[in-house]
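Encoded as structure tokens, the structure appears first; notes follow it.
Number of protein chains: 2
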Amino acid sequence: MTQAFSSLRINSDRLLDAFNQLALIGATADSGVDRPSLSEAHLAARKWLHEHIEASGFEFRTDGAGNHSAVLPCDEPSAPTLILGSHLDSVPNGGRFDGALGVMAALEVLKTLRENRINLKVQIEAMDFTDEEGTLVGLLGSAALAGHLSKENLEKPRGGRERLVEGMMRAGLTEAGMLSAARKPETLAGYLELHIEQGKRLEKSGTDIGIVTAIVGIWSYKLTFLGKADHAGSTAMEDRRDASLGASAFTLAAREMVMRDFPNCVVNVGKMEFAPGAFNIVPAQVDVSLEFRSPDAAEFERLNQALLNLAGEQAVRFGLGLQTEFFGKHAPSLMDTDVRGAFANACDELGLSHMPLPSGAGHDGQSLADLCPVGMIFVPSVDGASHSPREFTKWEDCVNGANVLLQAALRLGM
Amino acid sequence: MTQAFSSLRINSDRLLDAFNQLALIGATADSGVDRPSLSEAHLAARKWLHEHIEASGFEFRTDGAGNHSAVLPCDEPSAPTLILGSHLDSVPNGGRFDGALGVMAALEVLKTLRENRINLKVQIEAMDFTDEEGTLVGLLGSAALAGHLSKENLEKPRGGRERLVEGMMRAGLTEAGMLSAARKPETLAGYLELHIEQGKRLEKSGTDIGIVTAIVGIWSYKLTFLGKADHAGSTAMEDRRDASLGASAFTLAAREMVMRDFPNCVVNVGKMEFAPGAFNIVPAQVDVSLEFRSPDAAEFERLNQALLNLAGEQAVRFGLGLQTEFFGKHAPSLMDTDVRGAFANACDELGLSHMPLPSGAGHDGQSLADLCPVGMIFVPSVDGASHSPREFTKWEDCVNGANVLLQAALRLGM
Chain H
45 MTQAFSSLRI NSDRLLDAFN QLALIGATAD SGVDRPSLSE AHLAARKWLH
95 EHIEASGFEF RTDGAGNHSA VLPCDEPSAP TLILGSHLDS VPNGGRFDGA
145 LGVMAALEVL KTLRENRINL KVQIEAMDFT DEEGTLVGLL GSAALAGHLS
195 KENLEKPRGG RERLVEGMMR AGLTEAGMLS AARKPETLAG YLELHIEQGK
245 RLEKSGTDIG IVTAIVGIWS YKLTFLGKAD HAGSTAMEDR RDASLGASAF
295 TLAAREMVMR DFPNCVVNVG KMEFAPGAFN IVPAQVDVSL EFRSPDAAEF
345 ERLNQALLNL AGEQAVRFGL GLQTEFFGKH APSLMDTDVR GAFANACDEL
395 GLSHMPLPSG AGHDGQSLAD LCPVGMIFVP SVDGASHSPR EFTKWEDCVN
445 GANVLLQAAL RLGM
Chain P
45 MTQAFSSLRI NSDRLLDAFN QLALIGATAD SGVDRPSLSE AHLAARKWLH
95 EHIEASGFEF RTDGAGNHSA VLPCDEPSAP TLILGSHLDS VPNGGRFDGA
145 LGVMAALEVL KTLRENRINL KVQIEAMDFT DEEGTLVGLL GSAALAGHLS
195 KENLEKPRGG RERLVEGMMR AGLTEAGMLS AARKPETLAG YLELHIEQGK
245 RLEKSGTDIG IVTAIVGIWS YKLTFLGKAD HAGSTAMEDR RDASLGASAF
295 TLAAREMVMR DFPNCVVNVG KMEFAPGAFN IVPAQVDVSL EFRSPDAAEF
345 ERLNQALLNL AGEQAVRFGL GLQTEFFGKH APSLMDTDVR GAFANACDEL
395 GLSHMPLPSG AGHDGQSLAD LCPVGMIFVP SVDGASHSPR EFTKWEDCVN
445 GANVLLQAAL RLGM
């Protein structure tokens with residue numbers, strides 16, 4: 045890599061200006077944004093992006109899944125494409141940084157490359173993927189681009205079919221278009237994404253950049269502890285088969301076990317539902333919404349077995365029945381080692397500290413990881429806030445991330 | 045007590061015949077009854093009772109609260125009244141024995157006294173109280189009779205105002221009537237009730253009769269454990285403030301503490317509500333519906349303090365906030381020692397084993413306990429089933445209970 049290339053930097057003021065313009069669209073009173081995918085606010089943000097791309101002199105592209113992008117072509121029209129990107133949709137009442145930073149940084153990288161007349165061996169495309177957050181389907185645009193999207197995904201979306209159909213009509217999208225947005229793997233040189241961490245590990249360790257090792261997989265279950273409804277006054281304590289005891293003991297023990305035996309994994313009991321659910325009736329049934337994540341496929345199997353064993357043990361301990369209903373899984377996605385190396389070299393060159401990190405959250409990269417080399421970097425989130433208007437990343441950290449993205453793209457695209 | 049009186053027995057066949065006729069009204073396919081207070085089925089049962097009382101040659105009475113009764117007057121018109129009774133209403137899809145046994149046994153005692161020309165020093169009244177179970181207000185008829193009923197009780201009934209008003213219209217009752225049904229304490233000689241146990245203590249110990257020591261009081265709270273909603277993938281386990289941990293640890297620890305330190309008391313976590321309540325979000329808030337019961341006022345204060353301390357400790361342990369909202373209380377009601385003695389003597393005379401027991405459930409006696417001497421006896425419930433079509437008591441146990449009621453009434457009324 046020549047000295048000229050390695051001294052290239054993005055334009056912080058230009059990036060900040062564009063970032064701030066975008067943050068006004070769907071803005072909430074508490075400095076957040078409310079741009080659920082294909083909502084009016086989200087489509088307004090996309091309209092702004094479309095105009096901004098064309099006003100910046102780039103070719104604008106969209107596909108059957110509604111993904112929006114700017115293209116910086118290379119001299120060789122048949123060269124594969126290195127995609128840089130993220131998403132403009134937010135969770136309801138989310139923050140300004142999640143997704144938006146990655147899209148605007150990708151576009152800023154394109155601007156920097158073009159104004160410095162850098163001619164890479166790949167096409168570079170700055171991408172805004174549709175519905176990363178899952179208010180409709182989740183990782184929708186990237187799954188469509190990767191050819192993973194199925195008719196079933198669209199028939200039973202997690203946000204409800206009605207909401208999806210309304211959003212598609214609003215955006216002028218069709219199911220046939222969605223299902224035909226796949227790109228051929230040979231056209232893809234890779235996918236790079238800059239994102240905020242959504243956790244505290246970088247902040248706590250004082251590290252500038254997290255280089256993602258893997259996007260964790262997610263398995264989820266509904267566990268049902270079954271006891272017996274009894275009069276909560278006249279039934280002696282020792283005669284009760286109280287479903288709350290199994291659910292409570294499992295919740296505590298699962299946390300302890302994961303922290304002790306599976307330090308790379310996380311577990312969450314996000315909800316319990318009690319039946320009959322009255323002050324004066326011993327709970328006959330408690331449904332537990334269980335989710336756990338691991339960056340490693342083999343560890344997942346062990347964790348899964350350990351959690352199910354634990355639930356069974358707690359049910360026996362309190363004289364309860366147990367039903368387990370599997371709710372679904374995403375496999376963990378390993379990030380490409382060459383891309384990780386390019387990120388690390390870029391950090392070293394820029395004088396930025398870095399550390400390897402798994403991503404506990406899902407990202408569009410996991411849709412693409414079996415098609416092409418994929419890598420992600422994180423920048424620190426103040427107090428780890430995520431999916432909240434409190435979400436905040438210092439601007440210098442945002443600029444650091446954009447420069448690492450630029451330098452990694454240069455390394456991979458030369 | 046003369047030998048002639050102590051050899052008196054109720055007529056088992058006559059009681060069984062009346063009990064079975066009543067059990068057909070509002071009967072469900074699974075041998076239970078569905079007679080919520082002032083429902084069509086409940087009013088049909090009361091119509092049957094009214095006719096049965098008059099066909100049996102007793103004076104029928106009803107009051108402004110809809111309480112139905114049969115009266116066996118004594119020679120002295122100004123003598124106070126010893127009430128024997130229970131209730132004909134049931135919980136939704138309840139059992140045949142709860143309440144109905146006590147009313148029919150009371151009426152059978154009157155029949156036995158009259159056919160044996162027993163002239164007591166008190167009026168004897170066999171009473172069916174309105175809405176013992178609380179599908180409308182709870183202990184409504186007995187509270188009205190005791191003069192405890194307030195306009196507020198009728199304005200915010202636990203079953204909802206609309207349901208109460210509909211029921212009152214159906215039964216031809218008015219608020220003014222309800223509030224004017226109070227009797228003067230000096231007109232009451234006492235209140236005796238036979239009821240099924242609704243627990244397993246008699247069955248497990250092989251005891252014929254439980255002599256109630258106190259009707260337990262009930263205190264209830266909503267405890268709210270407050271944490272922080274975070275991304276359940278990207279937030280490290282040790283950084284979470286997970287409200288489910290406080291709620292779960294409290295639930296387990298409260299049970300252990302009550303069983304260890306408060307063996308006469310019970311505690312129930314009947315419901316938890318999670319917010320936001322999603323698979324992939326760390327619970328920010330868990331509302332715990334807590335109820336606890338004690339037969340002893342001083343112990344109540346200690347139990348209350350111990351439970352609130354425990355909740356506070358578990359909140360601190362997991363870095364959570366805690367809000368406590370007091371939902372209400374009923375004080376425990378001590379049963380009269382003379383009445384308990386009369387029951388014990390009656391059991392001894394009848395060759396029946398007996399044991400003292402607190403009543404974990406509420407009963408109409410608690411409305412009357414500060415007006416006149418009150419006592420209750422329990423007969424064994426098979427498997428402790430209660431508020432369920434599975435509710436069952438062997439007929440010989442029902443007959444034993446009715447004979448103890450008769451003999452206690454003789455002892456108290458001579």
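Line order of the protein sequences matches chains H and P.
Each residue of the first sequence is one higher than the last, beginning at 45 in my numbering.
Each residue of the second sequence is one higher than the last, beginning at 45 in my numbering.
Glycine is no exception: its CB is placed at the ideal position from the N, C-alpha and C atoms.
Which listed residue (H:M420, H:A144, H:G185, H:V330) has its alpha carbon closest to that of H:V448: Here the question's residue 448 of chain H lines up with position 404 in the first sequence. Of the listed residues, the one whose Cα sits closest to H:V448 is H:M420.
Could you tell me the alpha carbon to alpha carbon distance between P:S264 and P:M316, rounded to whole angstroms? As a working mapping, residue 264 of chain P is identified with position 220 in the second sequence. As a working mapping, residue 316 of chain P is identified with position 272 in the second sequence. Cα to Cα, the separation comes out at about 14 Å.
Contact list for the region 303–324 of chain P against chain H, Cβ threshold 7 Å: M303, V310, N312, V313, G314, K315, M316, F318, G321, A322, F323, N324
Anything in chain H within Cβ reach of P:G243, meaning under 8 Å, just list it in chain order. Taking the second sequence and counting its residues from 1, the one referred to as residue 243 of chain P is at position 199. By Cβ distance, chain H contributes H275, S278, T279, A280, D283.
Would you list the residues sitting across from H:F318 in a DSSP beta bridge? Numbered from its first residue, the first sequence carries residue 318 of chain H at position 274. DSSP output for H:F318 lists H:V330 as bridge partner(s).
Are the region 113–130 of chain H and the region 89–102 of chain H touching by the rule of at least three beta carbon pairs closer than 8 Å? yes
Looking at C-beta atoms only, is the number of pairs between the region 400–409 of chain P and the region 433–452 of chain P that lie closer than 8 Å three or more? no
Smallest Cα separation from P:T218: which of P:P229, P:N444, P:Y235, P:L198? Here residue 218 of chain P is taken as the residue at index 174 of the second sequence, counted from 1. The shortest C-alpha separation from P:T218 is found at P:L198.
Out of H:L59, H:T106, H:A144, state which residue places its alpha-carbon closest to the alpha-carbon of H:I69. Locating residue 69 of chain H in the first sequence gives position 25, where the first residue counts as 1. Closest by C-alpha distance to H:I69, out of H:L59, H:T106, H:A144, is H:A144.
By how many angstroms is the C-alpha of P:M171 removed from the C-alpha of P:L267? In the second sequence, the residue the question calls residue 267 of chain P occupies position 223. In the second sequence, the residue the question calls residue 171 of chain P occupies position 127. Spanning the two alpha carbons is a distance of roughly 39 Å.
Using 10 angstroms around the beta-carbon of P:P339, count the other beta-carbons present and answer buried if the total reaches 16, otherwise exposed. For the purposes of this step, residue 339 of chain P is identified with residue 295 of the second sequence, where counting begins at 1. Buried: at least 16 other Cβ atoms inside 10 Å.
Contact set for H:G191: own chain, Cβ-Cβ below 6 Å, skip 5 residues either direction: The residue labelled residue 191 of chain H in the question sits at position 147 within the first sequence. A226.
Residue interval of the beta strand (DSSP E) (run including H:K266): Position 222 of the first sequence holds residue 266 of chain H. Boundaries of the beta strand (DSSP E) harbouring H:K266: 261–270, taken from the DSSP string.
Is it right to say P:P417 is buried, meaning 16 or more other beta carbons lie within 10 angstroms of its own, or is it exposed? Residue 417 of chain P sits at position 373 when you count from the first residue of the second sequence. By the 10 Å Cβ count, P:P417 comes out buried.
Quick check on DSSP: helix, strand or coil for H:G185? Position 141 of the first sequence holds residue 185 of chain H. Residue state, collapsed to three classes: helix.
In chain H, what lies closer than 7 Å to P:R299 by C-beta? Here residue 299 of chain P refers to the residue found at position 255 when the second sequence is read from its first residue. Neighbours of P:R299 in chain H, taken as residues whose beta carbon is under 7 Å from its own, are M281, L289 in chain order.
Beta strand (DSSP E) runs contained entirely in the region 416–441 of chain H, provided each spans 3 or more residues: 418–423
Neighbouring residues, chain H, relative to P:A293 (Cβ below 8 Å): Against the second sequence, residue 293 of chain P aligns to sequence position 249. Those are S292, L296, listed as they occur along chain H.
Take P:T125 as the anchor and find which of P:N353, P:M301, P:L154 has the nearest alpha-carbon. Position 81 of the second sequence, counted from the first residue, corresponds to residue 125 of chain P. Of P:N353, P:M301, P:L154, the residue nearest in Cα terms is P:L154.
Quick check on H:L312: does DSSP put it in helix, strand or coil? By one-based count along the first sequence, residue 312 of chain H stands at place 268. Reading off the sequence, residue 312 of chain H comes out as Asn, not Leu. It is a strand residue.
With a cut-off of 9 Å, does the C-beta of H:H398 fall near any C-beta of chain P? Indexing the first sequence from 1 puts residue 398 of chain H at position 354. By this cut-off, H:H398 is not an interface position.
Return the CA-CA distance between H:S51 and H:F336, expressed in angstroms with no decimal places. For the purposes of this step, residue 51 of chain H is taken as the residue at position 7 of the first sequence. For the purposes of this step, residue 336 of chain H is taken as the residue at position 292 of the first sequence. When rounded, the distance between both Cα atoms is 43 Å.
Distance, Cα to Cα, H:L238 vs P:S278? For the purposes of this step, residue 238 of chain H is taken as the residue at position 194 of the first sequence. For the purposes of this step, residue 278 of chain P is taken as the residue at position 234 of the second sequence. Taking the straight line from one Cα to the other gives about 15 Å.
Which partner residues does H:V256 have in the DSSP bridge list? Position 212 of the first sequence, counted from the first residue, corresponds to residue 256 of chain H. H:V256 is bridged to H:L401.
Could you tell me which residues DSSP puts in a beta bridge with P:M171? Position 127 of the second sequence holds residue 171 of chain P. DSSP output for P:M171 lists P:S113, P:G129 as bridge partner(s).
Inter-residue spacing [alpha-carbon to alpha-carbon] between H:V166 and H:M458: Sequence index remark: in the first sequence, residue 166 of chain H carries index 122 (1-based). Sequence index remark: in the first sequence, residue 458 of chain H carries index 414 (1-based). The alpha-carbon atoms of H:V166 and H:M458 are separated by roughly 8 Å.
Cβ closer than 7 Å: which chain H residues qualify as neighbours of P:S333? Locating residue 333 of chain P in the second sequence gives position 289, where the first residue counts as 1. Here the neighbours are F323.
Can you list the residues of chain H that P:A405 reaches, using a CB-CB cut of under 8 Å? Counted from its first residue, the second sequence places residue 405 of chain P at position 361. Near P:A405 (Cβ distances below 8 Å), the residues of chain H are H275, G277, S278.
Could one say the Cβ of H:R346 lies closer than 9 Å to chain P's Cβ atoms, at least one of them? Translated into positions along the first sequence, residue 346 of chain H becomes position 302. No, because no Cβ of chain P sits closer than 9 Å to the Cβ of H:R346.
Rounded to a whole number of angstroms, what is the C-alpha to C-alpha distance between H:F318 and H:A149? For the purposes of this step, residue 318 of chain H is identified with residue 274 of the first sequence, where counting begins at 1. For the purposes of this step, residue 149 of chain H is identified with residue 105 of the first sequence, where counting begins at 1. The alpha-carbon of H:F318 is positioned some 46 Å away from that of H:A149.
Ignore the nearest five residues each way along the sequence and tell me which others in P:A123's own chain have a CB closer than 7 Å to its CB. Within the second sequence, numbered from 1, the residue matching residue 123 of chain P stands at position 79. Taken in chain order, the residues that qualify are K165, V166, Q167.
Report yes if the CB atom of H:A62 is closer than 9 Å to the CB atom of H:L151, and no otherwise. Numbered from its first residue, the first sequence carries residue 62 of chain H at position 18. Numbered from its first residue, the first sequence carries residue 151 of chain H at position 107. The answer is yes: Cβ separation under 9 Å.
Who pairs with H:V77 in a beta bridge, going by DSSP? On the first sequence, residue 77 of chain H is found 33 positions in, with the first residue counted as 1. H:V77 is bridged to H:A71, H:G138.
Determine contact between the region 205–222 of chain H and the region 240–257 of chain H, defined as no fewer than three beta-carbon pairs at a distance below 8 Å. no
Please confirm whether H:I421 has its beta-carbon closer than 9 Å to some beta-carbon of chain P. The count along the first sequence starts at 1 and reaches residue 421 of chain H at position 377. So no, H:I421 is outside the interface.
Using the rule of at least 16 other Cβ atoms within 10 Å of the residue's Cβ for burial, across every protein chain shown, is H:N312 buried or exposed? The residue given as residue 312 of chain H occupies position 268 in the first sequence. By the neighbour-count rule (16 or more Cβ atoms within 10 Å), H:N312 is buried.
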